[in-house]
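So the structure is just underneath, and the comments pick up after that.
2 protein chains.
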Amino acid sequence: MTLKNDRFLKALLREDVDVTPVWMMRQAGRYLPEYRATRQRAGNFLNLCKSPEMACEVALQPLERYDFDAAILFSDILTIPDAMGQGLYFEEGEGPRFKKVIRTAADVEKLSTISAQSDLAYVMDAVALTRKELNDSVPLIGFSGSPWTLATYMIEGGGSKDFRVAKEFMYNNPEAMHLLLDKLAEAITDYLNSQIRAGAQAVQIFDTWGGILTTSSYLTFSLRYMQKIVANLVKNNNGNQVPIILFTKNGGLWLESIADVGAQAVGLDWTIEIGQARKRIGQTCALQGNMDPSILYASPTVIRAEVGNILDCFGAGNGHVFNLGHGITPDVNPDHVNAFVDAVHELSPKYHS
Amino acid sequence: MTLKNDRFLKALLREDVDVTPVWMMRQAGRYLPEYRATRQRAGNFLNLCKSPEMACEVALQPLERYDFDAAILFSDILTIPDAMGQGLYFEEGEGPRFKKVIRTAADVEKLSTISAQSDLAYVMDAVALTRKELNDSVPLIGFSGSPWTLATYMIEGGGSKDFRVAKEFMYNNPEAMHLLLDKLAEAITDYLNSQIRAGAQAVQIFDTWGGILTTSSYLTFSLRYMQKIVANLVKNNNGNQVPIILFTKNGGLWLESIADVGAQAVGLDWTIEIGQARKRIGQTCALQGNMDPSILYASPTVIRAEVGNILDCFGAGNGHVFNLGHGITPDVNPDHVNAFVDAVHELSPKYHS
Numbered sequence: 048m049t050l051k052n053d054r055f056l057k058a059l060l061r062e063d064v065d066v067t068p069v070w071m072m073r074q075a076g077r078y079l080p081e082y083r084a085t086r087q088r089a090g091n092f093l094n095l096c097k098s099p100e101m102a103c104e105v106a107l108q109p110l111e112r113y114d115f116d117a118a119i120l121f122s123d124i125l126t127i128p129d130a131m132g133q134g135l136y137f138e139e140g141e142g143p144r145f146k147k148v149i150r151t152a153a154d155v156e157k158l159s160t161i162s163a164q165s166d167l168a169y170v171m172d173a174v175a176l177t178r179k180e181l182n183d184s185v186p187l188i189g190f191s192g193s194p195w196t197l198a199t200y201m202i203e204g205g206g207s208k209d210f211r212v213a214k215e216f217m218y219n220n221p222e223a224m225h226l227l228l229d230k231l232a233e234a235i236t237d238y239l240n241s242q243i244r245a246g247a248q249a250v251q252i253f254d255t256w257g258g259i260l261t262t263s264s265y266l267t268f269s270l271r272y273m274q275k276i277v278a279n280l281v282k283n284n285n286g287n288q289v290p291i292i293l294f295t296k297n298g299g300l301w302l303e304s305i306a307d308v309g310a311q312a313v314g315l316d317w318t319i320e321i322g323q324a325r326k327r328i329g330q331t332c333a334l335q336g337n338m339d340p341s342i343l344y345a346s347p348t349v350i351r352a353e354v355g356n357i358l359d360c361f362g363a364g365n366g367h368v369f370n371l372g373h374g375i376t377p378d379v380n381p382d383h384v385n386a387f388v389d390a391v392h393e394l395s396p397k398y399h400s
Numbered sequence: 048m049t050l051k052n053d054r055f056l057k058a059l060l061r062e063d064v065d066v067t068p069v070w071m072m073r074q075a076g077r078y079l080p081e082y083r084a085t086r087q088r089a090g091n092f093l094n095l096c097k098s099p100e101m102a103c104e105v106a107l108q109p110l111e112r113y114d115f116d117a118a119i120l121f122s123d124i125l126t127i128p129d130a131m132g133q134g135l136y137f138e139e140g141e142g143p144r145f146k147k148v149i150r151t152a153a154d155v156e157k158l159s160t161i162s163a164q165s166d167l168a169y170v171m172d173a174v175a176l177t178r179k180e181l182n183d184s185v186p187l188i189g190f191s192g193s194p195w196t197l198a199t200y201m202i203e204g205g206g207s208k209d210f211r212v213a214k215e216f217m218y219n220n221p222e223a224m225h226l227l228l229d230k231l232a233e234a235i236t237d238y239l240n241s242q243i244r245a246g247a248q249a250v251q252i253f254d255t256w257g258g259i260l261t262t263s264s265y266l267t268f269s270l271r272y273m274q275k276i277v278a279n280l281v282k283n284n285n286g287n288q289v290p291i292i293l294f295t296k297n298g299g300l301w302l303e304s305i306a307d308v309g310a311q312a313v314g315l316d317w318t319i320e321i322g323q324a325r326k327r328i329g330q331t332c333a334l335q336g337n338m339d340p341s342i343l344y345a346s347p348t349v350i351r352a353e354v355g356n357i358l359d360c361f362g363a364g365n366g367h368v369f370n371l372g373h374g375i376t377p378d379v380n381p382d383h384v385n386a387f388v389d390a391v392h393e394l395s396p397k398y399h400s
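In order, the protein sequence lines correspond to chains E and Y.
Here my numbering = 1-based position in the first sequence + 47.
Here my numbering = 1-based position in the second sequence + 47.
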C-alpha cells in the first residue's frame with residue numbers, strides 16, 4: 048500500500064509536508080445536495096448509517112467535489128449505545144433519542160457487553176468498503192464518541208441543553224458513573240481496534256460534551272477514560288502506529304492534560320488561538336483545527352482571509368492539520384467549502400519551505 | 048450609610064473579611080415557590096420586571112430564606128433593546144423574543160437612542176425601592192448584559208443554539224456590528240450609571256455569549272466594548288468607586304485580558320479551577336465563583352464537600368466572592384441552597400484568619 052496523498056498522516060506525526068492538509072468535520076453531510084439525495088433514498092439517517100454501501104457513498108461524495116486530504120467513515124457516535132441495547136432512534140427534525148435510559152446503578156450493570164466485530168459489523172463493512180473505494184487516494188479516518196459523551200446521551204435519553212440528569216447521576220452516583228464509563232471505554236477500545244483492523248488509517252475520539260464539566264470532573268470522568276482507550280489501541284495490520292486525534296469541544300483550558308494522554312494530535316475548537324495552543328503543547332502533539340464553522344457563512348473573500356490568519360497564527364513548521372473547530376452546519380453554501388479548501392492549499396506552502 | 052454587612056464589597060476590593068461572602072446568580076428565581084407566586088400574580092415575566100414593587104419583592108425573597116451577603120436587582124438583560132424599540136416579549140415556556148430584528152446596517156442606524164433615566168425609569172425605581180427596603184442590611188448589585196450579548200439577541204430575534212445569524216452579521220458586516228456595539232455600549236454605560244445614581248452599590252456585566260467567539264473576535268467585538276463601559280462608569284453619590292464585576296461565560300482562556308480591563312472583579316464559570324484563575328490574575332482582580340450549578344442537584348453532603356473543595360482551591364487570603372458559575376436552575380430543591388450558603392459561611396473562616 049502506498050497512499051497517493053499522505054499529507055494528513057504525516058502532519059499528524061509532525062513530519063514535513065508540502066502543504067497543510069485539510070479535511071472538515073461532518074464533511075459528508077446535509078450541506079451537500081447529493082448527501083440529501085442519498086439520505087432520502089435511505090429513508091432515514093439510521094438506515095444510512097447501517098448500510099455499508101450508502102455510508103461509503105456519502106463518505107466519498109465530498110472528495111468528488113473538494114480537494115480534501117482525508118476521508119472519514121460515515122457513521123454516528125451513538126452506534127455503540129445502540130448495540131448495547133439502548134434502542135437508538137431519530138425523529139425527523141429532532142436529535143437522537145434512546146428508547147431505554149440509564150438512571151440507576153442497576154441499569155448500568157444490566158448493559159450488554161458487545162463485540163464490535165459482530166454487533167457493529169455494518170460499521171466495519173463500511174470501513175472496509177470505503178477503504179477499497181478510496182483506492183489509496185487519501186487516508187480514511189475512523190472515529191468514536193468519548194465515553195463521557197456517550198454516557199450523557201445514554202443517561203439523558205438523547206441530547207440535552209444543560210445535562211441536568213447526567214450531571215446529577217455523576218454527582219450522586221460516582222461509582223455507577225465510573226462503572227458505566229469503564230464499560231464504555233472497553234467497548235470503544237474494541238470498536239476502534241476493529242475499525243483499525245478493517246482499514247482505518249487514523250482515528251478520532253469526539254469528546255463533544257467534555258467541555259461542560261469542571262476541571263476536576265473532566266479529568267476524572269472524561270479524560271481518564273480517553274487515556275485508557277489510547278493506551279489500548281492496536282497498531283495497524285502492517286505493524287504501524289495509527290495516529291489518534293483527541294477532540295474535546297471547549298477543552299482549551301485543559302490542553303496540556305489532553306496532550307499528555309499519548310495521542311498524536313489534539314483537535315481544537317475555534318475559541319482558542321492555534322498559535323497559543325502550539326506554544327502550550329506543540330512539542331508534544333500535532334494540532335488539528337480550528338476555523339469557526341460560522342466563517343463559512345461569510346463571503347469567499349472573508350473565508351480566505353480567515354484561513355490565512357489561522358495559517359499565520361500556527362506559523363511555519365509541521366504538525367498542523369487544517370479543519371473547522373466543529374462540524375460544518377447544514378445550511379452552508381457548498382461553494383464556500385471550495386473557497387475554504389483551496390485557500391488552505393494555496394496559502395500554506397510558504398509555511399512548509 | 049453604614050452597611051450592616053459589607054463583606055461582599057470588601058471582598059470585591061480585596062480587603063480582609065471574616066468569612067467568604069456568597070450570593071447566587073438568579074437567586075431571585077423560579078426555584079423559589081414564593082417567586083413563582085409573585086410571578087403568577089404579575090401575569091407574566093415582563094410585567095414582573097416592569098413593576099418596581101413586585102421586582103423589589105422578588106429581589107428580597109431569597110434574603111428572607113438564606114444568609115446571602117448581597118442582593119441583586121431583579122430585572123432582565125433585555126430591557127435595553129426593549130427600550131430601543133425592538134419589542135421584547137416572552138412566550139410561555141419559550142425564551143425571549145423580539146418583534147423587530149436587526150439584519151442590516153440601516154436597521155442599526157435606525158435604532159433609537161435611549162435615556163435610561165426616563166426610558167427605563169421602572170428599573171431605576173426598582174433599584175431605589177430595593178435599596179430602601181434592604182435598609183443597609185446587605186449591598187445591592189445592579190447589572191446589565193454586555194454589548195455583544197445584547198447584540199446576539201437583537202440580531203437573532205431571541206435566543207439561539209448556534210448564533211448563526213449574529214455571527215454571519217459580524218463576519219460580513221463588521222462595520223455595522225461595531226456601530227451596533229458602540230450604540231449598545233453607550234446605552235449600557237448610561238443604564239449602569241443611572242443604576243449607580245439610584246443606589247446600586249456594585250454592578251455586574253453579564254457577557255453570557257462572549258464565549259462562543261474566537262479569541263480575536265472576543266477581544267474585538269466583546270471585551271473592547273465592556274472596557275469602554277468600565278472606563279465610563281461614575282462613582283457613587285458619596286464619591287466612592289462602585290465595584291464592577293465582569294462575567295464572561297466560557298471566558299477562561301481569556302482571563303488575563305478580562306482582568307486587564309479595569310474592573311474590580313472577574314466572574315468565573317465552573318469550567319476553570321479557581322486556584323488556577325487566582326494564580327493567573329489574582330494580583331489584578333478579585334474573583335467571583337465558581338461552583339457548578341448542577342451540584343445543587345446533589346445531596347447536601349456532596350454540596351458541602353464541593354464548597355469545601357472550592358474554598359480550598361482558592362486558598363487563604365482575600366479577594367473571593369463565592370457564587371455559582373452560572374445562574375441557579377429552576378428545578379433545584381430550595382433546601383439545597385441552605386446547604387450551599389451555610390457551607391460557605393461555616394467552612395470559610397479558616398481562610399481568613
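We put the beta carbon where it would ideally sit given N, CA and C, even for glycine.
Since the model is a prediction, treat every value here as computed from it, not as a measurement.
{"Query": "So with CB distances below 9 Å, who are the chain Y contacts of E:Ser346?", "Result": "Tyr218, Asn219"}
{"Query": "Quick check on Y:Gly257 - is its C-beta less than 7 Å from some C-beta in chain E?", "Result": "no"}
{"Query": "Please tell me whether E:Ile235 and E:Ile291 are closer than 7 Å, where the distance is taken between their beta carbons.", "Result": "no"}
{"Query": "Is Y:Ala130 near Y:Ile188, with beta carbons less than 7 Å apart?", "Result": "no"}
{"Query": "Can you tell me the Cα-Cα spacing of E:Thr49 and E:Thr177, whole angstroms?", "Result": "16 Å"}
{"Query": "If we define contact as Cβ-Cβ less than 7 Å, is Y:Lys214 a contact residue for chain E?", "Result": "yes"}
{"Query": "Opposite E:Asn380 in the DSSP bridges: which residues?", "Result": "Per DSSP, none; premise fails for E:Asn380."}
{"Query": "Quick check: the stretch 297-311 of chain E against the stretch 227-245 of chain Y, are at least 3 beta-carbon pairs closer than 8 Å?", "Result": "no"}
{"Query": "Apply the 10 Å Cβ neighbour rule to Y:Glu111 and answer buried if 16 or more other Cβ atoms are within range, or exposed otherwise.", "Result": "exposed"}
{"Query": "Residues of chain E with a CB under 9 Å from the CB of Y:Glu139: which are they?", "Result": "Ordered by position in chain E, no residue passes the 9 Å Cβ test against Y:Glu139, which lies about 18 Å from the chain."}
{"Query": "Look at the alpha carbon of E:Cys96 and the alpha carbon of E:Tyr265, and state the distance between them as a whole number of angstroms.", "Result": "30 Å"}
{"Query": "Output the boundary residues of the alpha helix (DSSP H) element that contains E:Phe92.", "Result": "92-97"}
{"Query": "Can we say the stretch 135-153 of chain Y touches the stretch 203-221 of chain Y, given the rule of at least three CB pairs closer than 8 Å?", "Result": "yes"}
{"Query": "Going by beta-carbon coordinates alone, are E:Ile243 and E:Val281 separated by less than 7 Å?", "Result": "yes"}
{"Query": "For a contact meaning CB atoms closer than 8 Å, what does E:Val349 contact in chain Y?", "Result": "Tyr218, Asn219"}
{"Query": "Between the stretch 66-76 of chain Y and the stretch 378-392 of chain Y, are three or more C-beta pairs nearer than 8 Å?", "Result": "yes"}
{"Query": "Give the DSSP bridge partners of E:Tyr136, in chain order.", "Result": "E:Arg144"}
{"Query": "Select from Y:His225, Y:Lys157, Y:His373 the residue whose C-alpha is nearest the C-alpha of Y:Gln251.", "Result": "Y:His373"}
{"Query": "Return the residue from the list Y:Lys208, Y:Tyr82, Y:Leu302 that minimises the CA-CA distance to Y:Ile319.", "Result": "Y:Leu302"}
{"Query": "Can you tell me whether E:Pro377 is buried or exposed, with buried defined as 16 or more other CB within 10 angstroms of its CB?", "Result": "exposed"}
{"Query": "Could you work out which residue in E:Thr196, E:Glu222, E:Tyr344, E:Ser191 is closest to E:Ala153 when comparing CA atoms only?", "Result": "E:Glu222"}
{"Query": "What in chain E is Cβ-close to Y:Thr262, meaning under 8 Å?", "Result": "Thr318, Ile319, Glu320, Gln323"}
{"Query": "Let me check understanding here. Comparing Cα to Cα, which of Y:Glu156, Y:Asn279, Y:Thr262 lies closest to Y:His225?", "Result": "Y:Glu156"}
{"Query": "Can you tell me where the alpha helix (DSSP H) holding E:Leu226 begins and where it ends?", "Result": "221-245"}
{"Query": "Count the other CB atoms, across all protein chains shown, that sit within 10 Å of the CB of E:Asp114; report buried if there are 16 or more and exposed otherwise.", "Result": "exposed"}
{"Query": "Does the separation of the CB atoms of E:Gly314 and E:Phe294 fall below 7 Å?", "Result": "yes"}
{"Query": "Given this structure, state the Cα-to-Cα distance separating E:Phe210 from E:Gly257, to the nearest angstrom.", "Result": "11 Å"}
{"Query": "On the three-state DSSP scale, how would you describe E:Asn363?", "Result": "Per the sequence presented here, residue 363 of chain E reads as Ala, with Asn not at that position. In this structure, E:Ala363 counts as coil in the three-state DSSP scheme."}
{"Query": "Would you mind sorting Y:Arg61 into buried or exposed? The rule is 16 or more other CB atoms within 10 Å of its CB.", "Result": "buried"}
{"Query": "Going along the stretch 287-319 of chain Y in order, which residues come within less than 7 Å of chain E, judged by CB to CB distance?", "Result": "Asn297, Gly299, Leu300, Trp317, Thr318, Ile319"}
{"Query": "Beta strand (DSSP E) containing E:Leu293: first to last residue?", "Result": "291-295"}
{"Query": "Closer than 7 Å, CB to CB, is Y:Ser193 near chain E or not?", "Result": "no"}
{"Query": "How big is the Cα-Cα spacing for Y:Thr126 and Y:Arg86?", "Result": "17 Å"}
{"Query": "Can you name the start and end residues of the beta strand (DSSP E) that E:Gly374 belongs to?", "Result": "Careful: E:Gly374 lies outside any beta strand (DSSP E) and carries neither H nor E."}
{"Query": "If you run the structure through DSSP and keep just helix, strand and coil, what is Y:Phe121?", "Result": "coil"}
{"Query": "With DSSP as the reference, label Y:Asp166 as helix, strand or coil.", "Result": "helix"}
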